[in-house]
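Participant: According to this note's numbering, the sequence shown is numbered sequentially starting from 227. From the three backbone atoms N, C-alpha and C, an ideal C-beta is built for every residue, glycine too. Remember, predicted model here, so these are calculated numbers, not experimental data. Got a structure for you, questions after.
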Amino acid sequence: MASVLTSSTLPYRASEAWIYDTVIAPAVAELRGAAEADFVTALPAGARVLEVGSGGGQLAVDLARRRPDVTVTGVDLSPAQVARARRRAATFADRVEFVTGSALELPVEDGRYDAVVSVASIKHWPDPLAGLRECARALRPGGALLVVEADRGCVLDDARRFVARWRMPAALRPVALVLFRTYVAGQGLDLDDARRLLAALPVVDAVAERVPGTPGLLLRGRRA
Ligand SMILES: C[S@@+](CC[C@H](N)C(=O)[O-])C[C@H]1O[C@@H](n2cnc3c(N)ncnc32)[C@H](O)[C@@H]1O
């Protein structure tokens, strides 16, 4: 049966959403935290934030907690992920919403958001550049774009450290490392991809860089 492992553009099924949330998302949180620190503090007062590929809603909840003035819209291809995110964010329902939709056709108005963020999702998009153009379309002029993804060129030690934080018995880590390098980082971006993608977007102050000590990289810029 097809799964997100064998076909990375499929929506996560409920079982895959559960496995991702339980086993892997805690490690991703650390990667996200390193990449996000400046992004969160730089959000203007009352900012509207769009998260693309919002998964189980961890980032949206974290943002809502850290910034009581912001509103967050999460978009995810998987109805199972959207349901999971809504449950997680129930106490912030007045400021955090989730909708089912594709990065390639974001169900949002042009220029509505002060910031667009996406973590560990772009590798699943059938056309990453088209998705990023949609992210740029959703941003107001000067709005911030932040994309975090696994680095196809990551070093083995960073991948090992990352997998060591997955919630699973240590004996399974060698298998997890192979899975991570093949299906996660292996389908992620490298720095050249990231620079090429940014160069094709209507953004200024574009930066593509590795997140030190992690197998991740980030792309950021501001809507021209
Ligand atoms: C690896 S998970 C990351 C979830 C979350 N951002 C996190 O950091 O924990 C990837 C997410 O991207 C979503 N996704 C995959 N393809 C997508 C697309 N074309 N448009 C929107 N979301 C997509 C998946 O359903 C999944 O929830």
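1) Between the region 421-428 and the region 384-403, do three or more beta carbon pairs fall short of 8 Å?
2) When every heavy atom of ligand 1 is checked, does at least one fall within less than 7 Å of the C-beta of residue 252?
3) Quick check for students: name the residue ranges of the alpha helix (DSSP H) that lie wholly in the region 381-445, counting only runs of 4 or more.
4) For residue 407, which residues of its own chain have a beta-carbon under 7 Å away from its beta-carbon, when the five flanking residues on both sides are left out?
5) Going by DSSP, what residue range makes up the beta strand (DSSP E) through residue 249?
6) Whose CA, out of 281, 337 and 287, lies closest to the CA of residue 244?
7) Between 343, 312 and 433, which lies nearest to residue 274 when the distance is taken from Cα to Cα?
8) Does residue 327 come out as helix, strand or coil in the three-state DSSP assignment?
9) Once you ignore the five residues that flank residue 336 on each side, which residues in its own chain have a CB closer than 8 Å to its CB?
10) Hey, how far is the Cα of residue 452 from the Cα of residue 260?
11) Between the alpha carbons of residue 240 and residue 251, how many angstroms are there, rounded?
12) Measuring CA to CA, which of 299, 263, 321 and 350 is closest to residue 411?
13) Just confirm the distance between the C-beta atoms of residue 338 and residue 324, as a whole number of angstroms; I'd bet it's less than 8 Å.
14) Evaluate the contact criterion for the region 345-359 versus the region 314-323: three or more CB pairs, one atom per stretch, below 8 Å.
15) Give a single yes or no on whether residue 417 has its beta carbon closer than 7 Å to a heavy atom of ligand 1.
16) Consider the C-beta atom of residue 246 and the heavy atoms of ligand 1; say whether any pair is separated by less than 7 Å.
17) Rounded to whole angstroms, what's the CA-CA distance from residue 448 to residue 403? Just pull it up for me.
Facilitator: Concretely, from the data shown:
1) no
2) no
3) 382-390, 399-405 and 417-425
4) 385
5) Residue 249 -> no beta strand (DSSP E), and no H or E assigned at all.
6) 281
7) 343
8) coil
9) 363 and 364
10) No statement about residue 452 is possible, as the shown extent of the chain runs from 227 to 450 and does not include it.
11) 15 Å
12) 350
13) So it is not a contact: roughly 16 Å between Cβ atoms.
14) no
15) no
16) yes
17) 35 Å
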